[in-house]
Amino acid sequence: MNVPFLDLKRQYETIKQEIDASVQRVVNSQSFILGKEVKEFEDKIADYCGAKHAIGVASGTDALLLSIKAIGAGQRKTDKVITTTFTFFATAGAIVNAGAKPVFVDIDPETYNIDTKKIEKFLNANPDLHGEIKAIIPVHLYGQMADMDPIIKIAQKYNFTIIEDAAQSFGAEYKGKKAGNIGNLGCFSFFPTKNLSGYGDGGMVITDDDDLAEKIRMLRMHGCKTKYYHPIVGYNSRLDALQAAILGAKLPYLDQWLEARRENANMYNERLGKLDGLKIPETDDGNLHTYNQYTILIEDKKRNDLQQCFQLQLRRHHRYLQVP
Ligand SMILES: Cc1ncc(COP(=O)(O)O)c(C=O)c1O
């Protein structure tokens with residue numbers, strides 16, 4: 095018996111009426127592409143994050159790709175984008191697909207996020223690359239934001255754009271500011287495993303920059319602003335109205351769900367924190383962690399024992415609840 099990584103059915107059961115009603119509303123309207131549902135959801139996200147613009151796109155991967163394209167990184171073969179060595183493949187994949195080259199900087203082993211001291215070290219050691227680096231993509235891994243103050247300083251000093259990969263950290267905060275709303279652009283994923291999750295793929299870009307917002311709106315619609323006029327080549331990358339309606343129904347519950355994640359994490363921290371050879375997740379000062387994933391680091395030789403222990407607990411729990 096494996097411990098399930100995620101059980102989406104339980105969440106659905108608690109909000110079934112709202113979800114079913116929002117799906118029915120879209121089906122009744124027969125309006126599936128952009129329109130009122132997407133606009134209303136974009137406004138809610140902009141409001142939640144404190145951003146001026148929110149643009150719904152087809153996935154978190156596309157949120158990154160369109161953001162990189164919007165700032166023009168990748169137009170020249172020499173263009174480079176700094177990111178972390180430890181992330182989901184999509185971060186580096188989007189950089190390559192935009193035509194730029196990823197430059198990897200190692201992580202801080204305490205938080206698993208990019209080590210800001212190593213960014214400076216890398217830049218000092220490679221002065222010839224300064225003009226080629228167009229952007230930096232810090233990734234807020236597992237639900238906790240990267241250390242943004244030093245990243246802002248570095249970006250200002252070297253004139254980079256900051257694109258936050260907040261796919262795993264919707265709702266997280268750094269010194270009171272929401273994930274995605276510190277850099278020039280913030281990217282979210284609504285993949286079913288994420289903090290705010292759709293019933294399929296979905297993503298969002300937030301920004302305070304009017305020009306970048308307009309560019310991303312064009313890029314998601316084949317490069318057009320006015321129907322059938324295409325000043326640039328874009329993509330078909332829109333957030334579905336059905337996804338927007340479902341996500342909009344879930345958003346009011348998000349903060350309480352994130353609080354429940356933190357409570358569970360505290361419970362794990364208390365119990366697992368006592369074990370030797372096991373490192374529980376660290377939360378940096380000023381961060382509000384959302385524990386999209388609760389990740390521990392454990393010595394190889396102890397890993398299997400811990401896994402068996404969890405499986406035993408699960409079996410006992412199922413017997414207690416009389417789950418077949
Ligand atoms: C850090 C990170 N970046 C980007 C993505 C891509 O998001 P999506 O799966 O919505 O394309 C994900 C999630 O899958 C992710 O975890």
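Per the numbering used here, the very first residue in the sequence shown carries number 95; after that it's consecutive.
Think of the CB as a built atom: it goes at the ideal place given N, C-alpha and C, for glycine as much as any other residue.
Values in this document were obtained by computation on a predicted structure and should not be read as measured data.
Open item on the list: So, at 6 Å on beta carbons, what are the nonlocal neighbours of D137 in its own chain, with the 5 sequence-adjacent residues on each side left out?
Closed with: Around D137: no qualifying Cβ.
Open item on the list: Just to confirm, is the Cβ distance from T255 to I165 under 7 Å?
Closed with: Yes, they are a contact pair.
- [ ] Look at the alpha carbon of A261 and the alpha carbon of A339, and state the distance between them as a whole number of angstroms.
- [x] A straight line joining the alpha-carbon of A261 with that of A339 spans about 19 Å.
TODO: Tell me whether the beta-carbon of T384 lies closer than 7 Å to the beta-carbon of L352.
DONE: For T384 and L352, yes; Cβs fall inside 7 Å.
Task: Where H411 falls, given that 16 or more other Cβ within 10 Å makes a residue buried - done: It is exposed - the Cβ of H411 has fewer than 16 other Cβ atoms within 10 Å.
Task: Assumed close pair I162, I245 - CB separation to whole angstroms, cut-off 8 Å - done: At roughly 17 Å, the Cβ-Cβ gap does not stay under 8 Å, so I162 and I245 are not in contact.
Open item on the list: With the cut-off set at 7 Å, would you say D156 and S331 are in Cβ contact?
Closed with: Against a cut-off of 7 Å, the Cβ pair of S331 and D156 comes out as a contact.
Open item on the list: Applying the 10 Å Cβ sphere with the 16-neighbour rule, what's the burial state of H147?
Closed with: Buried, because 16 or more other Cβ atoms sit within 10 Å of the Cβ of H147.
- [ ] Report yes or no: do three or more beta-carbon pairs, one from the region 167 to 186 and one from the region 226 to 235, lie closer than 8 Å?
- [x] Put simply, the region 167 to 186 touches the region 226 to 235. At least three CB pairs are less than 8 Å apart.
TODO: Give a yes or no on contact between the region 368 to 387 and the region 233 to 241, applying the rule of three or more CB pairs nearer than 8 Å.
DONE: Contact between the region 368 to 387 and the region 233 to 241 is present: 3 or more CB-CB pairs across the two stretches fall below 8 Å.
Task: CB of I392 within 7 Å of CB of L408, strictly - done: Taking 7 Å as the Cβ cut-off, I392 and L408 do not qualify as a contacting pair.
Task: Of the listed residues S153, T389, A343, nearest to R355 (C-alpha basis) - done: The shortest C-alpha separation from R355 is found at T389.
Task: Segment contact, 8 Å Cβ cut-off, at least three pairs: the region 356 to 363 with the region 130 to 144 - done: Taking 8 Å as the limit for Cβ pairs, the verdict is that the region 130 to 144 does not touch the region 356 to 363.
Task: Coarse secondary structure for H224, derived from DSSP in three states - done: Helix at H224.
TODO: Using 10 angstroms around the beta-carbon of T185, count the other beta-carbons present and answer buried if the total reaches 16, otherwise exposed.
DONE: It counts as buried.
Open item on the list: Given the structure, does T155 come close to ligand 1, in the sense that its CB is under 6 Å from one of the ligand's heavy atoms?
Closed with: Yes.
Open item on the list: Can you tell me whether Q405 is buried or exposed? The criterion is at least 16 other CB atoms within 10 Å of its CB, across all chains shown.
Closed with: Exposed: under 16 other Cβ atoms inside 10 Å.
Task: Neighbourhood of G280 by C-beta, 6 Å cutoff - its chain only, sequence neighbours within 5 removed - done: Excluding positions up to five away in sequence, the list reads E258, A260, G274, I300.
Task: Simplified DSSP assignment, three categories, for T320 - done: In the displayed model, T320 falls within coil according to three-state DSSP, outside both helix and strand.
TODO: For V233, verify whether its CB is less than 6 Å away from any heavy atom of ligand 1.
DONE: Yes, since a heavy atom of ligand 1 falls inside the 6 Å radius drawn around the Cβ of V233.
Open item on the list: Can you find the residues in the same chain that come closer than 6 Å, C-beta to C-beta, to I276, ignoring five residues on each side of it along the sequence?
Closed with: A distance below 6 Å between beta-carbons, with the five flanking residues on each side excluded, links I276 to the following residues of its chain, in chain order: M242.
Task: Sheet register partners of A229 (DSSP bridge) - done: Residue pairing by DSSP places A229 opposite V175, T255 in a beta bridge.
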